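Student:
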Amino acid sequence: MAKKNEITKNTKFYKKEMRKWESRILISLIIIIIGIVCFYLLHLSINNWEFSNLSLNAYDFSKFSFLSPFVFYLTFSVRQFNHYKKQLDLYKLKATDFEFISQNRILERIDSELNLKYKNVS
Numbered sequence: 001m002a003k004k005n006e007i008t009k010n011t012k013f014y015k016k017e018m019r020k021w022e023s024r025i026l027i028s029l030i031i032i033i034i035g036i037v038c039f040y041l042l043h044l045s046i047n048n049w050e051f052s053n054l055s056l057n058a059y060d061f062s063k064f065s066f067l068s069p070f071v072f073y074l075t076f077s078v079r080q081f082n083h084y085k086k087q088l089d090l091y092k093l094k095a096t097d098f099e100f101i102s103q104n105r106i107l108e109r110i111d112s113e114l115n116l117k118y119k120n121v122s
């Protein structure tokens, strides 16, 4: 029974951690998208809101470097999420195996008790 409690406790822990990293991934993506949109709007405002004169040079793309910490954090968050996802899958598999083994033991015990009853009747 202690093994089952440990498995369910760890499963709950990994589910909670996955939700935490999912929210961090979402926040990072939103910050990156907002940063790109703000950069584009700033670039448009500098060109007097004329789309025909809008040209982005390689120098302009270097201005995106202020978003690089968020990109690195996003990749870290994704790696952490994948790690916790693998661990959660592992504990779900352990829980399934534990249930199968415990049910198999119960069936073996019932079978042995039935065999003893029928041997005593004969």
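Mind the numbering: the sequence shown is residues 1 to 122 in the working numbering, read in order. Backbone N, C-alpha and C fix where the C-beta goes; we use that ideal spot for every residue, glycine too. From a predicted model like this one, the values you see are computed outputs, not experimental measurements.
1. Compare the C-alpha of residue 12 against each of 46, 62, 106 and 88 and name the closest.
2. Can you list, in chain order, the residues of its chain whose CB lies under 6 angstroms from that of residue 24, leaving out five sequence neighbours each side?
3. Please work out which residues of its chain come closer than 8 angstroms, Cβ to Cβ, to residue 32, disregarding the five sequence neighbours upstream and downstream, and give them in chain order.
4. Less than 7 angstroms between C-beta atoms, sequence neighbours within five positions excluded: which residues of the same chain meet that for residue 14?
5. Give a yes or no on whether 8 angstroms exceeds the smallest Cβ distance from residue 105 to chain B.
Tutor: Let me spell this out:
1. 88 is the residue among 46, 62, 106 and 88 whose C-alpha sits nearest the C-alpha of residue 12.
2. 77, listed in sequence order.
3. The residues are 67, 70, 71 and 74.
4. Cβ within range, chain order: 84, 87, 88 and 91.
5. Among the protein chains of the structure shown there is no chain B, as only one such chain exists.
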